[in-house]
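Reading through the structure tokens given below for one structure.
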Amino acid sequence: MERSSMTPASGGIGDKIRGAMAVGKTRWGMLALVFFATTLNYIDRAALGVMQPILAKEMSWTAMDYANINFWFQVGYAIGFVLQGRLIDRIGVKRVFFCAVLLWSLATGAHGLATSAAGFMVCRFILGLTEAANYPACVKTTRLWFPAGERAVATGIFNAGTNVGAMFTPMLLPLILHAWGWQAAFLCMSALGGIWLLFWALKYFNPEDHPTVKQSELDYIQKEVEPEQSRVSFSTILRMRGTWAFALAYSMTAPVFWFYLYWLPPFLNQQYNLGINVTQMGIPLIIIYLTADFGSVGGGILSSFLIGRGINPIKARLMSMFLFACCIIGVIMAAGSSNLWVAVAAISLAIGAHQAWTANIWSLVMDYTPKHMMSTVFGFGGMCAAIGGMFMTQLVGHILTATNNNYTVLFTMIPAMYFIALIWMYFMAPRKIPTVTQ
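Below, the structure is given as structure tokens:
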């Protein structure tokens with residue numbers, strides 16, 4: 001039987017990739033835009049963790065000062081998630097995301113003018129408020145441009161930007177710090193945002209509006225028939241079972257990555273007496289976040305492979321998430337290890353599995369959520385996760401203060417959060433796209 005031109009080739013991974021590209025390449029260009037936005041997003045937020053020892057010494061920060069600075073980022077992030085998720089669904093991803101990146105780039109540059117912990121709290125609040133648009137916009141873009149069989153891979157690719165950003169930050173920042181100082185580092189990051197804005201304004205369009213997309217690719221993207229949906233109120237979305245399935249599961253696990261982002265550099269610096277330079281602090285962080293990149297993309301490939309073998313997308317995501325939760329258990333070894341590279345190996349496996357988990361939970365919510373309310377549902381879930389992150393940040397600060405900076409309790413808590421979230425998602429996640437009425 002002749003294979004349809006709108007279906008990627010079956011067979012090996014190479015055949016699938018060639019088949020996917022043969023359908024059309026425009027959607028991968030849109031994915032590249034959100035990948036680089038995510039990279040920029042994490043460069044801006046990871047910089048504070050890398051520079052924490054310098055800033056703490058210069059401004060006499062305590063562990064609670066640093067915890068409070070991150071707490072106010074999470075406050076802004078929580079507010080921004082739900083507001084901007086709703087705006088993206090109502091106004092459109094192109095305009096809302098452009099404004100958000102413009103504002104977060106200005107907020108990043110403003111860090112260079114801060115002279116106290118209070119000043120950093122204000123800057124981090126504004127940064128969180130505006131950076132919260134990133135993931136609702138990326139998920140919306142993926143939902144619009146990719147069919148179910150490619151969604152997890154696409155999600156893993158754009159989410160790999162988090163690790164690329166977190167990986168490049170300790171590589172580049174020491175050079176800028178040595179040459180020009182910490183204020184210049186924030187200004188350089190702000191300038192990168194301006195470059196991305198130019199490409200987004202010129203290149204991004206929704207599928208039906210794109211001037212050069214091939215009809216075969218458009219048909220392939222929109223081949224899945226969805227129930228006819230009308231615009232619904234926010235209160236109706238809050239009554240949906242799938243909204244709470246995602247929101248609570250995500251709020252249990254998303255704060256773990258923020259814990260790594262904010263506290264991993266101080267942990268390595270304290271535990272193994274590392275300095276802020278490329279060889280001592282940079283190499284361990286590069287290894288950890290490079291592993292996270294493989295996990296992000298590999299996690300998407302696994303569930304897409306299962307879907308290609310005829311397994312229902314929801315079931316494929318849940319099976320994959322169980323495997324990744326099991327991989328995270330090894331992180332318990334990190335806190336008690338006297339060997340740097342044993343700790344790096346344990347954390348690398350855990351953070352790689354976390355990113356694989358994330359690619360699948362995001363794809364899962366895309367599988368059962370109508371596309372016209374995708375950013376709202378994701379934004380609400382992101383708000384819940386940010387609130388969880390606020391409390392986790394405070395909890396981390398109090399535990400470290402009470403235990404004289406002992407991380408054992410924190411690393412022991414992490415694996416349990418994934419299994420609780422998985423059980424919740426298994427029983428609560430809808431198995432198909434619902435027809436929603438007021």
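At position 226 of the sequence shown (counting the first as 1) the number is 226 in UniProt numbering, and the numbers step up by one without a gap. Quick reminder that beta carbons are idealized off the backbone N, C-alpha and C, glycines included. In this text the structure is predicted, and so the values were computed from the model without any measurement.
Mapping DSSP to helix, strand and coil, what is residue i?
i           : result
residue 7   : Confidence is the limiting factor: at residue 7 the pLDDT is only 48, short of 50, which leaves the residue's position unreliable, though a coordinate-based value still follows. It is coil, neither helix nor strand.
residue 233 : coil
residue 419 : helix
residue 403 : coil
residue 92  : coil
residue 381 : helix
residue 61  : coil
residue 430 : coil
residue 339 : coil
residue 185 : helix
residue 191 : helix
residue 1   : Reliability fails at residue 1, whose pLDDT of 34 lies under 50, so the model's placement of it is uncertain and the value that follows must be treated cautiously. Looking at residue 1 - three-state DSSP - the assignment turns out to be coil, as it is neither helix nor strand.
residue 132 : coil
residue 24  : coil
residue 358 : helix
residue 141 : helix
residue 408 : helix
residue 471 : In this structure the chain extends from 1 to 438, so residue 471 is not present and cannot be described.
residue 393 : helix
residue 13  : With a pLDDT of 49 at residue 13, under the threshold of 50, the modelled position of this residue cannot be trusted, and the question is left open.
Please report the residue range of the alpha helix (DSSP H) in which residue i lies.
i           : result
residue 208 : Element bounds for residue 208: n/a, residue is neither H nor E.
residue 113 : Here residue 113 belongs to no alpha helix (DSSP H), and DSSP marks it neither H nor E.
residue 162 : 148–180
residue 370 : Counting along the chain, residue 370 falls outside any alpha helix (DSSP H), and DSSP gives it neither H nor E.
residue 329 : Counting along the chain, residue 329 falls outside any alpha helix (DSSP H), and DSSP gives it neither H nor E.
residue 215 : 215–221
Can you round the beta-carbon distance between residue i and residue j to whole angstroms, since I take them to be within the 8 Å contact cut?
i           : j           : result
residue 308 : residue 356 : With a Cβ gap of about 17 Å, residue 308 and residue 356 do not count as contacting.
residue 285 : residue 174 : About 11 Å; that fails the 8 Å criterion.
residue 87  : residue 200 : Residue 87 to residue 200, Cβ: 16 Å. No contact.
residue 247 : residue 384 : 4 Å
residue 127 : residue 193 : That belief does not hold up - the Cβ atoms of residue 127 and residue 193 are roughly 11 Å apart, past 8 Å.
residue 38  : residue 158 : 6 Å
residue 426 : residue 318 : 6 Å
residue 103 : residue 130 : 4 Å
residue 287 : residue 344 : 6 Å
residue 303 : residue 339 : Not really, about 34 Å apart at Cβ, beyond 8 Å.
residue 53  : residue 269 : 6 Å
residue 301 : residue 367 : Actually they are not in contact, since the Cβ atoms of residue 301 and residue 367 sit about 16 Å apart, beyond 8 Å.
residue 428 : residue 241 : 6 Å
residue 111 : residue 99  : Not a contact, Cβ separation roughly 20 Å.
residue 141 : residue 30  : 6 Å
Count the other C-beta atoms from every protein chain shown that fall within 10 angstroms of the C-beta of residue i, then say buried if there are 16 or more, exposed otherwise.
i           : result
residue 2   : Because residue 2 carries a pLDDT of 37, less than 50, the predicted location of this residue cannot be relied on, and no value is offered for it.
residue 181 : exposed
residue 208 : exposed
residue 233 : exposed
residue 150 : buried
residue 341 : exposed
residue 257 : buried
residue 369 : buried
residue 55  : buried
residue 310 : exposed
residue 162 : buried
residue 432 : exposed
residue 211 : exposed
residue 196 : buried
residue 326 : exposed
residue 238 : exposed
residue 475 : Outside the displayed range of the chain (1 to 438) lies residue 475, so it cannot be described from this structure.
residue 205 : exposed
residue 391 : exposed
residue 215 : exposed
residue 60  : exposed
residue 363 : buried
Is there a Cβ of chain B sitting closer than 8 Å to that of residue i, yes or no?
i           : result
residue 255 : Judged by its chain identifiers, the structure shown contains no chain B, having just a single protein chain.
message = My parser needs the alpha helix (DSSP H) runs of 4 or more residues fully inside the segment 232–312; what are they?
response = Entirely contained in the segment 232–312, the alpha helix (DSSP H) runs reaching 4 residues are, in chain order, 234–238, 241–272 and 283–308.
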